[in-house]
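Below you'll find the structure, written out as structure tokens, and then a few comments.
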Amino acid sequence: MAKRQASRRARKNSKESVRLALARGLVRALVAHGAIEISEAHAKVLKPFVDKLVTRVREGSPASRRLIFARLGQDKEAVEGLFVRVSQMNGRTSGFTRIVKLGSRIGDRAPMARLEWVDKIQLKTEKTEPKEKPKTEKAVKTKKK
Numbered sequence: 009m010a011k012r013q014a015s016r017r018a019r020k021n022s023k024e025s026v027r028l029a030l031a032r033g034l035v036r037a038l039v040a041h042g043a044i045e046i047s048e049a050h051a052k053v054l055k056p057f058v059d060k061l062v063t064r065v066r067e068g069s070p071a072s073r074r075l076i077f078a079r080l081g082q083d084k085e086a087v088e089g090l091f092v093r094v095s096q097m098n099g100r101t102s103g104f105t106r107i108v109k110l111g112s113r114i115g116d117r118a119p120m121a122r123l124e125w126v127d128k129i130q131l132k133t134e135k136t137e138p139k140e141k142p143k144t145e146k147a148v149k150t151k152k153k
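Each position in the sequence shown, counted from 1, maps to that position plus 8 in the numbering used here.
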């Protein structure tokens, strides 16, 4: 039997459950931080995974939302962040992420890359500023003579 041509995707030499867990974690990091630095091989495997998720998000149906929850492991923050990011992409129909080659990692000379969103979108994070406490005057103690 001949090997099907569509099955040439890198498998990263691990079981499917391990690959899916790695992809989930990397997608969560990508949604949270906007860009992640990983090996080129991981980036090449993750890019189509993310683009397919974003295409599902654009559909906006309840079935697609359930599928995305299943793919990301019931992580509500990641799913909501993904929906917010995609809603702010103006008119883009494909090519939501890009791979930027960075050079070699110092420890093992593995080629590194940055996987990032094509459109720079900042998630609205509520940063609460510390409230200033009203200054109270302290009573000055004096020594009695």
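Beta carbons: idealized from backbone N, C-alpha and C, even for Gly.
Predicted model only: the values in this text are computed from it and were never measured.
Item: Pairwise C-alpha distance: K55 and L38; Value: 11 Å
Item: Whether A118 touches L110 by CB criterion (7 Å); Value: no
Item: Length of the line joining the Cα atoms of V62 and E145; Value: 57 Å
Item: D83 versus F91: straight-line alpha-carbon distance, rounded; Value: 13 Å
Item: Per-residue DSSP class, three states only, for R27; Value: helix
Item: Straight-line gap, V40 to A86 (C-alpha atoms, nearest Å); Value: The question names Val, yet the displayed sequence has Ala at residue 40. Distance between the alpha carbons of A40 and A86 is about 7 Å.
Item: Presumed contact (8 Å Cβ cut-off) between V52 and I114, rounded CB distance; Value: In the sequence under discussion, the amino acid at residue 52 is Lys, which differs from the Val named in the question. About 21 Å; that fails the 8 Å criterion.
Item: Expected contact under 8 Å - CB spacing of W125 and G33 to nearest Å; Value: In fact, because the Cβ distance is near 17 Å, the residues do not count as touching under 8 Å.
Item: Same chain, Cβ closer than 7 Å to V94, five either side skipped, listed in chain order; Value: V62, V65, R66
Item: Start-to-end residues for the alpha helix (DSSP H) that takes in V94; Value: 84-95
Item: Other residues of its chain near E48: CB distance less than 6 Å, five sequence neighbours each side excluded; Value: P119, A121
Item: CB contact flag (V58, T101, <7 Å); Value: no
Item: Expected contact under 8 Å - CB spacing of V35 and L75 to nearest Å; Value: So it is not a contact: roughly 14 Å between Cβ atoms.
Item: T105 - DSSP class collapsed to helix/strand/coil; Value: strand
Item: When K151, G99, A31 are compared against L123, the one with the closest alpha-carbon; Value: A31
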